[in-house]
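Below: the structure, in structure tokens.
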Amino acid sequence: MFILQTIRKDFPALSQQVYGKPLIYFDNAATTHKPAPVIALVNEMNSFINGNIHRAFHCLGTMCTERYEEARETVRAFLHASSVEEIVFTAGTTAAINTVAFSFGERFVHAGDDIVITEAEHHSNIVPWQLLCERKGALLKVLPVNHDGSLPVEQLPRLLSKRTKLLCVTQASNVLGVMNPVKDIVAAAHACGVPVLVDGAQGAVHGGIDVQDAGCDFYVFSGHKLYGPTGTGVLYGRQELLDEMPPWQGGGEMIAAVSFEKTTYAGLPLKFEAGTPNFIGVCGLKKAIDYVQELGWAQVREQEETLVRHATRRLQEIEGLQLYGAAQPKTSLLSFNIAGIHPTDAAQLLDKMGIAARSGHLCADPLMRRFNVQGMLRFSFSFYNTTEEIDTAVDALKKIKQLLSCQ
Ligand code: PMP
Numbered sequence: 031m032f033i034l035q036t037i038r039k040d041f042p043a044l045s046q047q048v049y050g051k052p053l054i055y056f057d058n059a060a061t062t063h064k065p066a067p068v069i070a071l072v073n074e075m076n077s078f079i080n081g082n083i084h085r086a087f088h089c090l091g092t093m094c095t096e097r098y099e100e101a102r103e104t105v106r107a108f109l110h111a112s113s114v115e116e117i118v119f120t121a122g123t124t125a126a127i128n129t130v131a132f133s134f135g136e137r138f139v140h141a142g143d144d145i146v147i148t149e150a151e152h153h154s155n156i157v158p159w160q161l162l163c164e165r166k167g168a169l170l171k172v173l174p175v176n177h178d179g180s181l182p183v184e185q186l187p188r189l190l191s192k193r194t195k196l197l198c199v200t201q202a203s204n205v206l207g208v209m210n211p212v213k214d215i216v217a218a219a220h221a222c223g224v225p226v227l228v229d230g231a232q233g234a235v236h237g238g239i240d241v242q243d244a245g246c247d248f249y250v251f252s253g254h255k256l257y258g259p260t261g262t263g264v265l266y267g268r269q270e271l272l273d274e275m276p277p278w279q280g281g282g283e284m285i286a287a288v289s290f291e292k293t294t295y296a297g298l299p300l301k302f303e304a305g306t307p308n309f310i311g312v313c314g315l316k317k318a319i320d321y322v323q324e325l326g327w328a329q330v331r332e333q334e335e336t337l338v339r340h341a342t343r344r345l346q347e348i349e350g351l352q353l354y355g356a357a358q359p360k361t362s363l364l365s366f367n368i369a370g371i372h373p374t375d376a377a378q379l380l381d382k383m384g385i386a387a388r389s390g391h392l393c394a395d396p397l398m399r400r401f402n403v404q405g406m407l408r409f410s411f412s413f414y415n416t417t418e419e420i421d422t423a424v425d426a427l428k429k430i431k432q433l434l435s436c437q
């Protein structure tokens, strides 16, 4: 049962004060707070159940290995991947994208090839591809964004060619909140023989994806945006591709046998998990996924939709406020500007009123240029936020507007 006040009690961070004001946390797209069961599990493992995985045969090592591999199964089921071999744990979305950019790039990308991304990408889904293109003498091509924040999917066949080695697209923009039609995009790319990487950093927290139904070749996300510990993340890759890709990092546990003459590598997924992974964090991520699944994705989505509807209506009371990304469907974030007010000034004043909002380029410089602004202000909601918090924040914005307009 989804009882908001009970759920809020699960998140200790939500009951604190900042600058003597009750915290209103609207920066959930950057990172979410952790529920008590996740915190308790991580504390318990750090306190008592800490043994390095996949190597020690003692009790603690075995317990950690079992829990870590249970977490892999939980993530497999969450993404509906066909096997646990396709689930690689990483330090986050950025680490997962860089793994693919290096490893897939080494194997499949050559001089004169191209990689296609979109104008709606976070820097994490731009820069690794630029680095790859520089290394290989390949070209980076960009699918533009429509004014309403949607992608012109119909332009894809013209943009993709025999030289296109990969299409990289976000499931949902961290600036516009627009959810892209991933299944259609994958179908259009596959029709041209191009595999697709989907950045699920903003999508996983709204229910994830069925990777088999969507048909994507890679899917990546971060644990800390999904109520799990920082320093955890997931790379899903189709087994045929992962099998062909060389390891990115070398070290313990990614090997079959090592000699000075020749080293052979472990099978999937350990080939991509060199060194001691953040195994306690990964167990925390499993707990976080279990927690949201127990709440129920449908209820979570419903509460988030209520919040976005309410915030959209209330924000529009503010004269001169412009919202970006009108296309539907959207996740639970709203980015906007108020005429004559610098977004960072507004965010700093909001902060002093106890309201955590995000401002600036939002790690998406190209999108700022696309909308001809230096920055935006962003409210991003979680199911644990309330309409009352939105009312307080809108009133605060009205006061800030008055204050800054008088100067
Ligand atoms: N992609 C998108 C769409 C994001 O929103 C973010 C985080 N803001 C990232 C990638 C990078 O995630 P992380 O910093 O957790 O690696």
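For the sequence shown, the positions run 31 to 437 when our numbering is used. Think of the CB as a built atom: it goes at the ideal place given N, C-alpha and C, for glycine as much as any other residue. Quantities reported herein were computed from a predicted structural model and do not represent experimental measurements.
Ignore the nearest five residues each way along the sequence and tell me which others in LEU300's own chain have a CB closer than 8 Å to its CB. HIS84, GLU283, MET284
Suppose the cutoff is 7 Å on Cβ atoms and the five residues either side in sequence are ignored; what does the same chain contact list for ASP57 look like? ALA386, ALA387, ARG388, SER410
Where does CYS313 land, buried or exposed, given buried means 16+ other C-beta within 10 angstroms? buried
Segment contact, 8 Å Cβ cut-off, at least three pairs: the stretch 222 to 232 with the stretch 248 to 261: yes
Quick check: does the Cβ of ASN210 come within less than 8 Å of any heavy atom belonging to the ligand PMP? no
Starting from ASN128, trace the beta strand (DSSP E) in both directions and tell me its first and last residue. Segment 123 to 138 is the alpha helix (DSSP H) holding ASN128; no beta strand (DSSP E) there.
Helix, strand or coil: which one does DSSP assign to MET406? strand
Suppose only complete runs of 3+ residues qualify. What are the beta strand (DSSP E) ranges in the stretch 47 to 135, listed by chain order? 117 to 120
Between which two residues does the beta strand (DSSP E) containing THR200 stretch? 194 to 200
DSSP three-state call for PHE309: helix, strand or coil? helix
Is PRO67 closer than 9 Å to ASP320 when the C-beta atoms are compared? yes
Local conformation of ASN155 per DSSP, three classes: helix
Kindly indicate which three-state DSSP category GLN432 falls into: helix, strand or coil? helix
Beta carbon of TYR414, beta carbon of ILE127: below 9 Å? no
What runs of the beta strand (DSSP E), each 3 residues or longer, lie entirely inside the stretch 315 to 365? 351 to 354
May I ask you to list the residues that DSSP assigns as paired with ARG388? ARG408
Nearest neighbour of ASP240, chosen from VAL130, PHE366, ILE54, LEU109 [CA to CA]: LEU109
Taking the beta carbon of ARG343 as the centre, do at least 16 other beta carbons fall within 10 Å, making it buried, or is it exposed? exposed
Sequence-distant residues of its chain with Cβ nearer than 6 Å to VAL48 (five each side left out): GLY384
On the CB-based measure, 16 or more other CB atoms within 10 Å of its CB, does ASP178 come out buried or exposed? exposed
Is there contact between the stretch 263 to 272 and the stretch 120 to 139, where contact requires at least three CB pairs shorter than 8 Å? yes
Closer than 8 Å is the cut-off here; do at least three beta carbon pairs connect the stretch 211 to 225 with the stretch 158 to 166? no
Measuring CB atoms only, is the stretch 428 to 435 touching the stretch 387 to 407, in the sense that at least three cross pairs come out at less than 8 Å? no
Since HIS340 and THR417 should fall inside the 8 Å C-beta cutoff, what is the C-beta to C-beta distance between them, to a whole number of angstroms? 5 Å
Coarse secondary structure for ALA287, derived from DSSP in three states: strand
Quick one: what does DSSP say ASP178 is sitting in, helix, strand or coil? coil
Give a yes or no on contact between the stretch 100 to 119 and the stretch 326 to 337, applying the rule of three or more CB pairs nearer than 8 Å. no
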